[in-house]
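A.B. asks: Chains as they are written, first to last, in the UniProt record's numbering: chain D, 1 to 336; chain P, 1 to 336.
Before I ask anything, let me first share the structure, which is written out below as structure tokens.
There are 2 protein chains.
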Amino acid sequence: MNLQIRLVSRPHGLPKEENFSWVKQPIPEPAEGQALIRTLYLSVDPYMRGRMNDQKSYVAPYELNEVITGGVIGEVIKSKSPSLIKGDIILGNIGWQKYSLISSEQVRKIDPDIAPISTALGILGMPSLTAYFGLLEIGQPKEGETVVVSGAAGAVGMIVGQIAKIKGCRVVGIAGSDEKNRYLQEELGFDATINYKTTPNMTDAIAHACPKGVDIYFENVGGTISDAVLSHLNYKARIPLCGLISMYNIKDADVGPRIQSQLLINSALMRGFIVGEFADRFEEATTQLAQWLQQGKLKYRENIVEGFENTIQAFLGLFSGENLGKQLVHVADPSV
Amino acid sequence: MNLQIRLVSRPHGLPKEENFSWVKQPIPEPAEGQALIRTLYLSVDPYMRGRMNDQKSYVAPYELNEVITGGVIGEVIKSKSPSLIKGDIILGNIGWQKYSLISSEQVRKIDPDIAPISTALGILGMPSLTAYFGLLEIGQPKEGETVVVSGAAGAVGMIVGQIAKIKGCRVVGIAGSDEKNRYLQEELGFDATINYKTTPNMTDAIAHACPKGVDIYFENVGGTISDAVLSHLNYKARIPLCGLISMYNIKDADVGPRIQSQLLINSALMRGFIVGEFADRFEEATTQLAQWLQQGKLKYRENIVEGFENTIQAFLGLFSGENLGKQLVHVADPSV
């Protein structure tokens with residue numbers, strides 16, 4: 001039998017089990033031109049929380065009573081498509097279910113010989129592309145500049161920091177545990193880190209970690225962490241605005257110091273973006289990322305939760321900061 | 001005798017007479033290489049309020065007990081500089097005094113035959129250059145887009161709106177009186193205007209005036225007006241951040257809805273700037289502005305206060321919205 005997770009009501013604040021339904025169905029048969037995919041890994045990402053709201057955004061809201069879609073690595077187990085062969089490993093925006101019907105144009109084939117297949121959802125996938133274009137295109141890092149990244153131990157943040165190091169920047173990471181911060185400094189070469197959960201005064205901590213001020217702030221979290229960083233911007237600072245994870249589940253209005261004066265007095269730039277804007281350059285970026293990976297200049301971590309039945313828990317873990325690195329759910333192994 | 005206005009203490013909130021001193025001095029004699037200038041017009045600008053604070057910003061704070069500097073149109077009345085001749089009309093960053101000593105590299109000569117000399121402080125000067133580069137370089141207007149400008153009846157705002165019309169945009173101006181708004185619509189061709197002082201719900205008013213949303217918001221004011229506009233951004237909206245006049249004199253912290261989520265969900269850009277960033281293109285821009293002026297595509301207004309003794313009053317009038325167009329102080333007429 002197939003098993004699907006559907007969104008049945010829109011969460012207020014942190015999603016609860018009652019917002020989802022688990023639907024059992026017979027495994028479907030592919031029609032002409034289709035293939036049947038078994039999910040091997042599925043991705044849970046912070047942006048998915050935004051899609052659970054019924055609001056205008058860069059991606060359409062999830063429909064109620066539909067399967068929650070997201071990145072999936074799957075294996076073709078039956079095919080009536082000429083371009084997909086049983087055993088092919090594919091990447092697609094498929095979603096939270098054990099089996100799916102797809103057509104070839106919905107997916108991209110993955111070569112399992114290049115790297116572990118799960119990397120297509122992380123270090124060689126969307127999170128890294130997000131880090132790559134956000135930092136390089138919007139951030140425009142220059143050697144010797146100071147880059148601060150929040151959510152630094154997440155899938156995007158840890159790549160941002162490493163690319164900034166490759167570009168010769170001083171890198172300061174903000175994350176929520178000493179264990180994460182140790183990893184960032186000792187394994188990934190971050191110059192300094194701040195544990196926002198145990199630091200009494202974030203503004204002072206930023207000043208201390210960034211003696212020459214902040215040239216780039218790669219924003220993943222929002223809220224008071226953001227307020228603290230923005231009070232230390234340098235002239236012509238750049239702020240790629242990638243995510244606001246601390247705000248996704250709050251029920252109250254997001255109120256704080258207006259940031260316009262910081263941007264004005266520093267001639268600074270803030271820009272929201274999504275990785276899809278840069279789709280025509282994904283190949284170039286993936287090649288570069290793979291090269292850095294091969295050269296040992298990029299390292300990665302995956303935080304893998306076992307079993308489809310733990311998907312919602314893995315998703316909610318993103319908001320309590322449980323993951324070090326890319327959060328994945330391992331659903332099944334390839335047959336061969 | 002010369003008369004100078006100096007800053008003697010830093011204002012909290014709206015500046016008061018006691019923050020300034022009036023200093024009488026003998027008119028100085030030019031040394032070798034210098035010329036003596038008589039002030040004809042002087043400029044009062046909102047940004048000067050920022051310089052009265054002792055804070056890091058894009059321009060250094062005014063020093064206490066020094067003459068307040070700013071744009072001046074003056075006449076050379078004595079010269080020991082080979083390149084400045086008695087009777088020359090010059091533009092310089094000189095300040096609030098009746099007579100000044102300058103060297104030739106501090107000033108630029110103005111040709112009084114091209115346009116009234118006062119225009120060098122307005123329609124052919126910094127305010128227009130600010131509008132030009134902020135709108136065209138940061139705003140990147142495209143035909144058919146909707147441009148909202150706050151402080152629309154000010155020296156910068158009214159040029160922004162007119163350039164946006166030249167570029168084929170729908171232009172919505174926000175200003176503080178019906179008289180100003182009538183002028184913007186009837187004389188300058190703005191498509192719609194909003195009187196923020198009499199409009200009970202700015203968010204609704206923006207929605208009504210911008211049925212297709214906001215592609216560019218040229219920010220001159222900040223505060224709740226800004227909040228209202230930012231809730232109507234379109235995908236990939238651009239926000240040139242030029243000034244925050246509503247905030248310059250407040251004593252409390254500037255707190256409001258954090259704007260990051262609006263920028264994020266719309267992949268929008270906000271960028272603080274000052275006109276000096278574009279100094280190497282001033283000539284190109286001035287040529288274009290003069291051409292538009294000649295073609296009747298740009299109109300301008302000056303709000304001229306008579307007499308050096310009314311300089312502070314003219315400056316304070318900027319913050320109560322008394323000026324329609326560029327605020328100048330007329331100090332003297334040229335001798336010829």
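C-beta atoms are modelled at their ideal positions from N, C-alpha and C, and glycine is treated no differently.
Values in this document were obtained by computation on a predicted structure and should not be read as measured data.
To which residues does DSSP link residue 328 of chain P through a beta bridge?
C.D. replies: Answer is P/43 and P/304.
A.B. asks: Quick check on DSSP: helix, strand or coil for residue 292 of chain D?
C.D. replies: DSSP places residue 292 of chain D in helix when its eight states are reduced to three.
A.B. asks: Within the 8 Å Cβ cut-off, does residue 357 of chain P reach chain D?
C.D. replies: The requested residue 357 of chain P does not occur in the structure, where chain P is confined to residues 1 to 336.
A.B. asks: Please name the residue or residues paired with residue 171 of chain D in a DSSP beta bridge.
C.D. replies: DSSP lists D/147 as partners of residue 171 of chain D.
A.B. asks: Suppose you measure from the CA of residue 61 of chain D to the CA of residue 202 of chain P; what does that come to, to the nearest Å?
C.D. replies: Roughly 27 Å separates the two Cα atoms.
A.B. asks: Hey, could you find the ends of the beta strand (DSSP E) residue 23 of chain D is sitting in?
C.D. replies: Unbroken beta strand (DSSP E) run through residue 23 of chain D: 20-25.
A.B. asks: For the alpha helix (DSSP H) containing residue 129 of chain P, list its first residue and its last residue.
C.D. replies: Its alpha helix (DSSP H) spans residues 126-133.
A.B. asks: According to a CB-to-CB cut-off of less than 9 Å, which residues of the segment 34-58 of chain P neighbour chain D?
C.D. replies: So the list reads 50, 55, 56, 57 and 58, given in the order they occur along the chain.
A.B. asks: Select from P/236, P/92 and P/219 the residue whose C-alpha is nearest the C-alpha of residue 108 of chain P.
C.D. replies: Among P/236, P/92 and P/219, the Cα nearest to that of residue 108 of chain P is on P/92.
A.B. asks: Locate the beta strand (DSSP E) running through residue 193 of chain D, then write down its first and last residues.
C.D. replies: Start and end: 192-195.
A.B. asks: Taking the alpha helix (DSSP H) that residue 312 of chain P belongs to, which residues open and close that run?
C.D. replies: Run containing residue 312 of chain P: 311-317, per the alpha helix (DSSP H) assignment.
A.B. asks: Distance check for residue 97 of chain P and residue 156 of chain D, CA to CA, integer angstroms please.
C.D. replies: Looking at the two C-alpha atoms, the distance is approximately 56 Å.
A.B. asks: At which residues does the alpha helix (DSSP H) containing residue 247 of chain P begin and terminate?
C.D. replies: Looking at the DSSP string, residue 247 of chain P is not in any alpha helix (DSSP H), and its letter there is neither H nor E.
A.B. asks: Within 10 angstroms of its Cβ, does residue 149 of chain P collect 16 or more other Cβ (buried), or is it exposed?
C.D. replies: Buried: at least 16 other Cβ atoms inside 10 Å.
A.B. asks: Over the uninterrupted alpha helix (DSSP H) stretch that includes residue 76 of chain P, give me the two end residues.
C.D. replies: Element bounds for residue 76 of chain P: not the alpha helix (DSSP H) but the beta strand (DSSP E), 71-79.
A.B. asks: Does the beta-carbon of residue 159 of chain D have 16 or more other beta-carbons within 10 angstroms, so that it is buried, or is it exposed?
C.D. replies: Classification of residue 159 of chain D: buried, given that the 10 Å Cβ count is 16 or more.
A.B. asks: Using only the alpha-carbon positions, how far apart do residue 14 of chain P and residue 70 of chain D sit?
C.D. replies: Their backbone Cα atoms lie some 53 Å apart in a straight line.
A.B. asks: Answer with buried or exposed for residue 145 of chain D, where buried requires no fewer than 16 other C-beta atoms within 10 angstroms of its C-beta.
C.D. replies: Result: buried.
A.B. asks: So, residue 209 of chain D versus residue 237 of chain D, is the Cβ gap smaller than 8 Å?
C.D. replies: No, the pair does not count as a contact, with Cβ atoms beyond the cut-off.
A.B. asks: Any contact between the segment 24-31 of chain D and the segment 293-313 of chain D? By contact I mean 3 or more CB pairs, one from each, below 8 Å.
C.D. replies: Not touching, per the Cβ criterion.
A.B. asks: Identify, in the order they occur along the chain, each residue of the same chain with its Cβ nearer than 8 Å to the Cβ of residue 183 of chain D, setting aside the five sequence neighbours on each side.
C.D. replies: Correct list, in chain order: 153, 301 and 324.
A.B. asks: Kindly indicate if chain D contains any beta-carbon less than 8 Å away from that of residue 267 of chain P.
C.D. replies: Chain D contact via Cβ: present.
A.B. asks: If you reduce the DSSP assignment to three classes, tell me which class residue 222 of chain D lands in.
C.D. replies: Looking at residue 222 of chain D - three-state DSSP - the assignment turns out to be coil, as it is neither helix nor strand.
A.B. asks: Which residues of chain D have a Cβ atom closer than 9 Å to the Cβ of residue 277 of chain P, listed in chain order?
C.D. replies: Chain D residues near residue 277 of chain P: 236 and 267.
A.B. asks: Taking the alpha helix (DSSP H) that residue 152 of chain D falls in, what are its first and last residues?
C.D. replies: It is not in any alpha helix (DSSP H) - residue 152 of chain D carries neither H nor E in the DSSP assignment.
A.B. asks: Is it buried or exposed for residue 85 of chain P, if we count other Cβ within 10 angstroms and need 16 for buried?
C.D. replies: That one is exposed.
A.B. asks: If we ignore side chains and look at the alpha-carbon of each, how far apart do residue 306 of chain D and residue 40 of chain D end up?
C.D. replies: Taking the straight line joining both Cα atoms gives about 11 Å.
A.B. asks: Considering residue 107 of chain P, what are the terminal residues of the beta strand (DSSP E) in which it resides?
C.D. replies: Residue 107 of chain P -> beta strand (DSSP E) spans 107-109.
A.B. asks: Figure out for me which residue from D/147, D/94, D/139 and D/100 has the closest Cα to the Cα of residue 121 of chain D.
C.D. replies: With distances taken between Cα atoms, residue 121 of chain D lies closest to D/94.
A.B. asks: Bridge partners for residue 240 of chain P per DSSP, in chain order?
C.D. replies: Partner(s): P/271.
A.B. asks: Thinking C-beta only, is residue 51 of chain D closer than 8 Å to residue 249 of chain D?
C.D. replies: The answer is no: Cβ separation not under 8 Å.
A.B. asks: Mind checking whether residue 168 of chain P and residue 181 of chain P have CB atoms under 8 Å apart?
C.D. replies: For residue 168 of chain P and residue 181 of chain P, no; Cβs fall outside 8 Å.
A.B. asks: Taking C-beta pairs closer than 9 Å, name the residues in chain P that residue 112 of chain D reaches, listed in chain order.
C.D. replies: The premise fails here: residue 112 of chain D is roughly 34 Å from chain P at the closest Cβ pair, so nothing lies under 9 Å.
A.B. asks: Is residue 61 of chain D close to chain P? Criterion is C-beta to C-beta, closer than 8 Å.
C.D. replies: Judged by the 8 Å Cβ criterion, residue 61 of chain D is not in contact with chain P.
A.B. asks: Does the Cβ of residue 295 of chain P have 16 or more other Cβ atoms within 10 Å, making it buried, or fewer, making it exposed?
C.D. replies: Residue 295 of chain P is exposed by the Cβ-count criterion.
A.B. asks: From which residue to which residue does the alpha helix (DSSP H) around residue 6 of chain P run?
C.D. replies: Element bounds for residue 6 of chain P: not the alpha helix (DSSP H) but the beta strand (DSSP E), 2-7.
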